[in-house]
Each structure stands twice: as structure tokens, then as C-alpha cells.
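Novice: Going left to right, the sequence shown walks through residues -25 to -1, 1 to 295 as mature numbering (1 follows the signal peptide of the UniProt record, and there is no 0) numbers them.
Next up is a structure, given as C-alpha cells.
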Amino acid sequence: MTFTRRTLLGGAFLAAASAIIPALAAKPLVIGFSQVGAESEWRTANTRSVKDAAKKEGITLKFADAQQRQENQVKAIRSFIAQRVDVIAFSPVVESGWETVLREAKAARIPVVLTDRAVSVSDPTLYASFIGSDFVEEGRRAARWLVERAKKAPGRTFNIVELQGTVGSAPAIDRKAGFQEVIASHPTLKIVRSQTGDFTRAKGKEVMEAFLKAQGKNIDVLYAHNDDMAIGAIQAIEEAGLKPGKDILVISIDGVKGAFQAMVAGKLNVTVECSPLLGPQLMALARDVAAGKPVAKRITVQEGVFPAEVAARELPHRKY
Ligand code: GZL
């Protein structure tokens, strides 16, 4: 074999090997993701953001929908451990009950990232980081809007009914606390009834019907922990022959398109933004965690407040 042919073959082999080795070396990151469910417009947008970001980043996403049941999330996390994924990410449907399964992930040396909702655990090393919103501040912002509105009717008492999110979930606990903290110094603002609507339109409507039956015309404000329950409640208010947004002020949280459409229609007064678009940041965080890089324990996203006055202008620009 002439020198030239040997050199050419050798070169070809090296080129092929170097093409294969980097591909092996850059094995795609594998994330096991346990999602709460598909209970709201917010959740649908959050799932889309996570899936799109994983695809864009070339990350293999093993996705499990828990249908709002903690036992399904625990099962999914155990399955991810058995599959030896690189990182486990999840949005815990409720705050408590995670110690055991998170200890199993730690024992398997698989890092865990919390997204959207937080957990309450005695050992903070059971997860690497949390990325999401400050729900207490969202509750404060909702109440501050009402405080400003009440200034237009000095001395008038506002009877508030509250549709809470999923019992035991971080957003429900914290949004209630934040709202309560602000109205505590305003005695004319009174929560007269409070019950969970589990973050869904159907339950929000059902509970609002019960509130209207019990309270009759003595409801001035609805504070809903998310837009979906507010939209369901708006239907109940209309079916009771009342005008949502006028006879009963409607305050909610999330900032989904449905809320902007309700504000344009004059049926909802304000929505406090809670961004579901966590996908890109979650992927970057998972890569850093998988690489053993130091990461912040808590990463919160910037959000705004959208009163009805700006809804028509903002609606075309909304991304979820
Ligand atoms: C908040 C998220 C909540 C939304 C609801 O980050 O966990 O769950 O406010 C969703 O719409 O169901």
C-alpha cells in the first residue's frame, strides 16, 4: 500500500473516530420531570414551556403527568431513580410528604430541582434549587390593588369571598398569607368565606355558586388564587344575575390569556402575573446542577400586575 493511501485511510479513520467520540462524550442530558397535572391554562403553558425548552436544548425529557395526585408524583420520581436519569425536576402538588422519596433520590446520587411549587422538608440538601415565583408577594399585590380601590369608597366595608388553590399547595398557602398580611391593617376589608376551588374552572364555579347562595348580595369582592377559578366563578356570578367586575369586584392571579379576555369584557378587574414560562431557565439550571456547578438555592422570576385598564393593550403581547 503506498504511503499516500495509508495516510489517507489513517486520516479517514481518525476523522470518523473524532466524529463518534464527541457524540458519545456529549450524551444528551436526561431529565425526569413530574408535572402536577393539566388543571389550568397556567399549567398547560408551563408544560409547553418545559417541553419546548428541552427540545430546543437537545435534552431528553421523561415527562410524567400526575393528574394532581401526590402518589403519582412519588411513583414517577421512583421510576426516574430506577431509570438513572441525570436530574429529577418536579413541581410538587403539595408542600409536605416528600422526605422519603427525596432521600431515595439523594441516596441514588440523583440531584433534584424544584420548579414552580416548593416543598417543606427538614433537610434542605434534599433538593439542589427552586425556580419559580414568590407566591406571598403575589397575594400581597392582589390585596394592594383592593386597598387602593377601597380608598375610593372611604368607610365602606368590602365583604370578600376567597377561592383558594389546591389544599396544602405552596401557592394556596402563600397567596392566602400574602393577601391576609396586607388586609390585616384595613378593617373594612373582610374575608367572609374562604374555600378551595382546587385551581380549576369547574370547581371555582361550583364553590362560587355556594358562596352566592350563602351570602346572597353581601359579596363585594372575589379573590381567586388563580384565573381559572375566577373565570369559573364569573360564570356563576352571571348566572346569579349579577355583573362580575361591577357588582362583585374580581381579583385573580396568573395572567393567562383567558384573564385578559375577561378584563377586556369588563368581567375581571385585575390579574397578578405568575409566569409559567420557566422552561428555558429550568433547562439551564438542570445542566448546571448535572455538571456539579454551584447554583442558587432559590431563583424567583420577575412578574407584574395587570389591571383591566391595560388589558386590551397587553393582550396581543401575552405569551401564555
Ligand atoms: C403557580 C401554579 C399554580 C397556578 C395555577 O405557580 O403552581 O398552579 O397559579 C396552577 O393556575 O394550577
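Don't be surprised by glycine CBs; every beta carbon is placed ideally from N, CA and C.
Give a single yes or no on whether W17 has its beta carbon closer than 8 Å to a heavy atom of the ligand GZL.
Specialist: True, at least one ligand heavy atom lies under 8 Å from that Cβ.
Novice: Can you list the alpha helix (DSSP H) stretches of 4 or more residues lying completely in the segment 215 to 276, in chain order?
Specialist: With a minimum length of 4 residues, the continuous alpha helix (DSSP H) runs that stay inside the segment 215 to 276 are 232 to 239 and 254 to 265.
Novice: Report yes if the C-beta distance between L243 and A283 is below 9 Å; otherwise report no.
Specialist: Yes, Cβ-Cβ distance for L243 and A283 is below 9 Å.
Novice: For I56, which residues from the same chain have a beta carbon less than 7 Å from its beta carbon, with the 5 sequence-adjacent residues on both sides left out?
Specialist: Within the same chain, I56 has close Cβ partners E79, A80, A83 and I85.
Novice: Give, in chain order, every unbroken run of the alpha helix (DSSP H) that is at least 4 residues long and sits entirely within the segment 19 to 74.
Specialist: Qualifying alpha helix (DSSP H) stretches, in chain order: 45 to 57.
Novice: Between the beta-carbon of I206 and the beta-carbon of G233, is there less than 9 Å?
Specialist: Closer than 9 Å, so yes.
Novice: Under the criterion of a Cβ to heavy atom distance below 8 Å, does N47 qualify as lining the ligand GZL?
Specialist: False, no ligand heavy atom lies under 8 Å from that Cβ.
Novice: Just verifying my parser: in three-state terms, what is the DSSP assignment at R288?
Specialist: Three-state result, R288: helix.
Novice: If we count Cβ pairs, one from each stretch, closer than 8 Å, do we get three or more for the segment 47 to 62 versus the segment 120 to 131?
Specialist: Result no; under three Cβ-Cβ pairs closer than 8 Å.
Novice: Label I106 either buried or exposed according to how many other C-beta atoms from any shown protein chain fall within 10 Å of its C-beta, with 16 as the threshold for buried.
Specialist: Answer is buried; the Cβ neighbour count reaches 16.
Novice: Quick one, are the C-beta atoms of S5 and V62 less than 9 Å apart?
Specialist: Checking the sequence shown, residue 5 turns out to be Val, not Ser. Contact flag set, yes.
Novice: How is the alpha helix (DSSP H) around I148 delimited, first residue to last?
Specialist: Run containing I148: A145 to I158, per the alpha helix (DSSP H) assignment.
Novice: Could you check if S95 belongs to the surroundings of the ligand GZL, using beta carbon to heavy atom distance under 8 Å?
Specialist: Every heavy atom of the ligand GZL is 8 Å or more from the Cβ of S95, so no.
Novice: From T175 to V182, what distance separates their C-alpha atoms?
Specialist: Their Cα atoms are separated by approximately 11 Å.
Novice: Taking just the CA atoms, how far does H200 sit from K151?
Specialist: Distance between the alpha carbons of K151 and H200 is about 8 Å.
Novice: Are R262 and S104 closer than 9 Å when you measure CB to CB?
Specialist: Cβ atoms of R262 and S104: not closer than 9 Å.
Novice: Could you have a look at P86 and say whether DSSP puts it in helix, strand or coil?
Specialist: Coil at P86, not helix or strand.
Novice: Apply the 10 Å Cβ neighbour rule to V142 and answer buried if 16 or more other Cβ atoms are within range, or exposed otherwise.
Specialist: Exposed is the call here.
Novice: Quick one: does the C-beta of P146 sit closer than 8 Å to a heavy atom of the ligand GZL?
Specialist: Checking every heavy atom of the ligand GZL against the Cβ of P146, one is found closer than 8 Å.
Novice: DSSP on R131, reduced to helix/strand/coil?
Specialist: Looking at R131 - three-state DSSP - the assignment turns out to be coil, as it is neither helix nor strand.
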